Amino acid sequence: MFKAIVLACSISNPNVCIEFEDTREQLITKEQCVQRTFEMRNDISEMMADMKAVAYRCTQLKEGRFT
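The working numbering numbers the first residue of the sequence shown as 1111 and each following residue consecutively.
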C-alpha cells in the first residue's frame, strides 16, 4: 500500500507551504497513488486559490501499517 502526499506552497508567499496527506483512499499500487496525487493537486487548486501544488510523493507503507 502507498500513501499519497502533496506539497503545496502559497503563490503570494512561497515560503509558506503545507504538506497534504491523502486520507480518503486505500492505494494498492504506485500508479493509483500517482493518480491520486493529481486529483489532490486539482482539489487543492479549487479549494485554496492562493496555494499551488509544487511536489508530490508516494510513500510505500510497511506491511501491517495504514499510515
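We treat Cβ as the ideally placed atom computed from N, Cα and C, and that holds for glycine.
Bear in mind that the values here come from a model prediction, so they are computed numbers and not experimental data.
Nearest-angstrom beta carbon gap, residue j and residue i [assumed within contact, 8 Å]
i, j, result
"THR1139", "TYR1166", "With a Cβ gap of about 15 Å, THR1139 and TYR1166 do not count as contacting."
"LYS1113", "GLU1135", "With a Cβ gap of about 10 Å, LYS1113 and GLU1135 do not count as contacting."
Span of the beta strand (DSSP E), counted from its first residue to its last, around residue i
i, result
"LYS1162", "1161-1170"
Close Cβ partners of residue i (< 7 Å) along its chain, the five nearest in sequence each way excluded
i, result
"GLN1170", "PHE1112"
"VAL1144", "CYS1168"
"GLU1129", "ILE1115 and LEU1117"
"ASP1160", "SER1120, ILE1121 and SER1122"
Open item on the list: List, from N- to C-terminal side, the alpha helix (DSSP H) runs of 4 residues or more that fit wholly inside the segment 1114-1157.
Closed with: With a minimum length of 4 residues, the unbroken runs of alpha helix (DSSP H) contained wholly in the segment 1114-1157 fall at 1140-1157.
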